[in-house]
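Report on the following structure.
Chains as they are written, first to last, in this note's numbering: chain A, 18 to 661; chain B, 1296 to 1544.
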């Protein structure tokens, strides 16, 4: 027994704060999804286990294990009497590796409405159960490892019920501002200021830097990846395979290409784009294409007419099987550009001189490209030549697509390394003047394996997480807890030079990293670097809190990523009416996230009200009987004294 | 446990004190003053003791003997303070008697002196209850409850309140017995009070054992009732002696 030293210690022992990852309230133009407390108050409900509670007699906290989650939610959707008695749901953490084979809470064809082809019933994600896209008026939390054992003990205590007048309860604090204000869709909540739209900052960089003043503009090859994922629990959206493996492959490819000589002699301009918000309506890619049309500051140096080819790196973490890494190229309509790219991919594969890597074209029976940012490009211009580079052919290889289980154990670093090397070599082949590049030139383009390992540790694990040396070299991370790649809400006013406090850590890190890698000249560390960089087009990277940083000549920019249906006007977001010139905007749900005050979860023991009243009655009885006894004694003594 | 239970626990520990205050103490202002100063004195004594012992905490709950030393030293300190309290009271009694003589008013009766002792004892009891029970009661007003492993039949706050009630009784009536013992010079009463205080203090150590509260708490109540009865017997004896003395004079 641990000794208590103060009343706060006693309170901490009585009211156990449980750490858990919440599911929060998200809204769109037609309604809501996600979870919230039903009113303004905390929800207090006794803990029961799903497998032991067939019927619920009163509002209860249901403790459910991972492989029962789907059956619980199916029951909630189908059985309204059961659903009425759900006070809250607690999901246990993963006990062991073999517990669950697949779990995906999104649809079977994610974001099908944005597909540039008609077959929207094709199942890219056949295990998807869609539970994330329903609205629940009760709180749901995912528990951590030690919270799971605390909750299990409490549930067992309730079941054994040695003392029938006490119960262990869970207290949920997941009160959402939109529930309190009664705003149940994006338009009303944005107007009332009870929510913010989802969004962030995409990053693009060109290798080598674009000389804006030069008159000759080279055709552009785009390499695209995304940096955001989604899951039922907003703080556990790792997205290791989809899409972070692709992001890491892109970053490693930039690093590999930056070490090649003679980049200035390339025929075509290489531009690397990392979008955010893709999981919530392709926000990054759509906004980028709009800014390209409007020729804003964020995209100076780029011109949509110059784009020759778009290559997207999707999920590349699961290509390994028995030592062989297999990847698939999903192409848009056949054209000279796509044929050229396929040939370049084959050349890159051959240059690897081993049987370990295979690049295959995707199955022609596929209806088209898989869900990817390229869909936004195609909707804009149906003749865009593009290829999506993935580790799957006809269905996702990722069995945990957009779930909290798509973590580090779901990807293979050798698969990512192979993909990165292939992509770097392919880009070099496509951009180069030579039609016959020697094998030795290509063999010099290699992925830095330790960089890939470091990035995996920084972006996908809790230790070291964003406090890893690689990230800390460039930025000071604001998140100290485990990383989550959920896009989050758009802070502040959209701008091409945003205030660093409004840009999330991963975007800031990527901007600094890419700026340094693609730079052609690098200065020394100087102070007040932002104002004092000597040349006009120089950027300040590795900026520390005291203003010291390094000036580099590079073309690296932030592009705001938010819905094209929204406009920021003097502190308020307005929803613009649907416009036929923006077909994707017409289908955009315009996702927003509710505000909240505090989110918390506690577990404690509660006594029956009958017992409480018994104690009060006892106290009153003792007081009254003592009074009576004293009065009697006093009368007795007084009488005895008066006897004489 | 909610406000109802919190108030219930507070009344269990201090309800009888409240009754005694309303029925006896509140009638005479001097008794209220005595009660207040006594409560203050004994609270300070407990604070000084905890200050002195702070350096040795935490004691480590594996063996009993550190706790025994803690309780024995504290009881000895308080008993020493009781003698000091008596001396101060004696001087005050002399001053009051001198005032009464000068104003040609009657001197303090025996019943007055016993009531002052009672108020002093009540102050000691209230100080104990506030220090050991009321200060821990704040969490009881919230929604949760707490059961200790070693006494898992009733909530911790209930155990605390019941023990506090026993000690309030012991302290209140001990002071009456002690003052009488010092006034009359009878050895029995002078030894009785520290002994009971010490035994009661050490008896609480029984609660450290698993299920010990089932033995410890009845023992405490046995001591409380013993004290109450002894006080009653002593009071009736002295009053009848006084009556007969007055009748004879």
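Virtual Cβ for every residue (Gly too), placed ideally from N, Cα, C. Predicted model, so just to flag it, every value in this text is computed and none were measured.
Would a C-beta distance cut-off of 8 Å place residue i and residue j closer than the cut-off?
i: residue 595 of chain A; j: residue 603 of chain A; result: yes
i: residue 1380 of chain B; j: residue 1420 of chain B; result: no
i: residue 543 of chain A; j: residue 226 of chain A; result: no
i: residue 437 of chain A; j: residue 242 of chain A; result: no
i: residue 172 of chain A; j: residue 66 of chain A; result: yes
i: residue 465 of chain A; j: residue 334 of chain A; result: no
i: residue 358 of chain A; j: residue 392 of chain A; result: no
i: residue 1488 of chain B; j: residue 1473 of chain B; result: yes
i: residue 207 of chain A; j: residue 590 of chain A; result: yes
i: residue 101 of chain A; j: residue 189 of chain A; result: no
i: residue 231 of chain A; j: residue 501 of chain A; result: no
i: residue 25 of chain A; j: residue 583 of chain A; result: no
i: residue 1309 of chain B; j: residue 1424 of chain B; result: yes
i: residue 220 of chain A; j: residue 291 of chain A; result: yes
Output the distance between the C-alpha atoms of residue i and residue j, rounded to the nearest integer angstrom.
i: residue 18 of chain A; j: residue 272 of chain A; result: At residue 18 of chain A the pLDDT is 47, less than 50, meaning the model places this residue with poor confidence and gives no usable figure here.
i: residue 203 of chain A; j: residue 294 of chain A; result: 17 Å
i: residue 130 of chain A; j: residue 605 of chain A; result: 9 Å
i: residue 1442 of chain B; j: residue 621 of chain A; result: 11 Å
i: residue 1305 of chain B; j: residue 1493 of chain B; result: 25 Å
i: residue 1298 of chain B; j: residue 1436 of chain B; result: 5 Å
i: residue 1394 of chain B; j: residue 1407 of chain B; result: 16 Å
i: residue 1520 of chain B; j: residue 639 of chain A; result: 15 Å
i: residue 138 of chain A; j: residue 278 of chain A; result: 48 Å
i: residue 1455 of chain B; j: residue 1427 of chain B; result: 8 Å
i: residue 105 of chain A; j: residue 217 of chain A; result: 31 Å
i: residue 516 of chain A; j: residue 97 of chain A; result: 48 Å
i: residue 251 of chain A; j: residue 297 of chain A; result: 13 Å
i: residue 430 of chain A; j: residue 408 of chain A; result: 13 Å
i: residue 1464 of chain B; j: residue 161 of chain A; result: 50 Å
i: residue 245 of chain A; j: residue 303 of chain A; result: 15 Å
i: residue 489 of chain A; j: residue 520 of chain A; result: 16 Å
i: residue 233 of chain A; j: residue 286 of chain A; result: 11 Å
With a threshold of 6 Å on Cβ separation, who are the neighbours of residue i within its own chain once the five nearest residues in sequence on each side are excluded?
i: residue 117 of chain A; result: 83, 84
i: residue 625 of chain A; result: 182
i: residue 662 of chain A; result: There is no way to answer for residue 662 of chain A, as the model of chain A reaches only from 18 to 661.
i: residue 1530 of chain B; result: none
i: residue 1414 of chain B; result: 1320, 1326, 1329, 1330
For residue i, collect the residues of the same chain with a Cβ closer than 8 Å to its Cβ; drop the 5 residues on either side in sequence, then sort them by chain order.
i: residue 661 of chain A; result: Because the pLDDT at residue 661 of chain A is just 49, under 50, the model does not fix this residue reliably, and the value given afterwards should be weighed accordingly. So the list is empty, once near-sequence residues are dropped.
i: residue 533 of chain A; result: 491, 539, 558, 559, 567, 569, 571
Taking 7 Å as the limit between beta carbons, can you name the residues of its chain near residue i, skipping five residues before and five after?
i: residue 562 of chain A; result: 493
i: residue 1416 of chain B; result: 1466, 1467, 1468, 1469, 1470, 1471
i: residue 262 of chain A; result: 332, 333, 334, 428, 433
i: residue 615 of chain A; result: 190
i: residue 468 of chain A; result: 269, 272
i: residue 1301 of chain B; result: 1432, 1435, 1436
Note down, in chain order, every chain B residue with its Cβ under 9 Å from the Cβ of residue i.
i: residue 630 of chain A; result: 1299, 1300, 1303
i: residue 164 of chain A; result: Near residue 164 of chain A there are no residues of chain B at all, since even the closest Cβ is about 17 Å away, more than 9 Å.
Name, please, each residue of chain A whose Cβ falls closer than 8 Å to the Cβ of residue i.
i: residue 1406 of chain B; result: 654, 658
i: residue 1439 of chain B; result: 31, 32, 621, 622, 623
i: residue 1319 of chain B; result: 647, 651
i: residue 1524 of chain B; result: Going along chain A, no residue has its Cβ under 8 Å from residue 1524 of chain B, so there is no contact; the nearest lies around 12 Å.
i: residue 1431 of chain B; result: 24, 27
If the cut is a Cβ gap below 7 Å, which residues of chain B does residue i touch?
i: residue 504 of chain A; result: Result: empty, since nearest Cβ-Cβ is about 37 Å, beyond 7 Å.
i: residue 637 of chain A; result: 1306
i: residue 640 of chain A; result: 1306, 1310, 1311, 1313, 1314
i: residue 580 of chain A; result: In chain order: nothing, as chain B lies at least about 43 Å away.
Give the residues of chain C in contact with residue i, contact being defined as C-beta atoms less than 7 Å apart.
i: residue 28 of chain A; result: Structure shown: chain C not included; protein chains present are A and B.
Note down, in chain order, every chain B residue with its Cβ under 8 Å from the Cβ of residue i.
i: residue 617 of chain A; result: None at all; the shortest Cβ gap to chain B is about 14 Å.
i: residue 643 of chain A; result: 1310, 1311, 1314, 1315
i: residue 105 of chain A; result: None at all; the shortest Cβ gap to chain B is about 16 Å.
i: residue 78 of chain A; result: Within 8 Å Cβ-Cβ: nothing; residue 78 of chain A doesn't reach chain B, min ~15 Å.
If the cut is a Cβ gap below 9 Å, which residues of chain A does residue i touch?
i: residue 1534 of chain B; result: 654, 657, 658
i: residue 1361 of chain B; result: The contacting residues do not exist; residue 1361 of chain B stays about 12 Å from chain A at best.
Whole runs of the beta strand (DSSP E) within the segment 315-378 of chain A, excluding any shorter than 3 residues = The segment 315-378 of chain A contains these whole beta strand (DSSP E) runs: 324-330, 341-348, 374-378.
ask   = Of all the alpha helix (DSSP H) runs that stay within the bounds of the segment 591-631 of chain A, which reach a length of 4 or more residues?
value = Entirely contained in the segment 591-631 of chain A, the alpha helix (DSSP H) runs reaching 4 residues are, in chain order, 600-604.
Length-filtered (3 minimum) beta strand (DSSP E) runs lying within the segment 387-433 of chain A = Runs found: 403-407.
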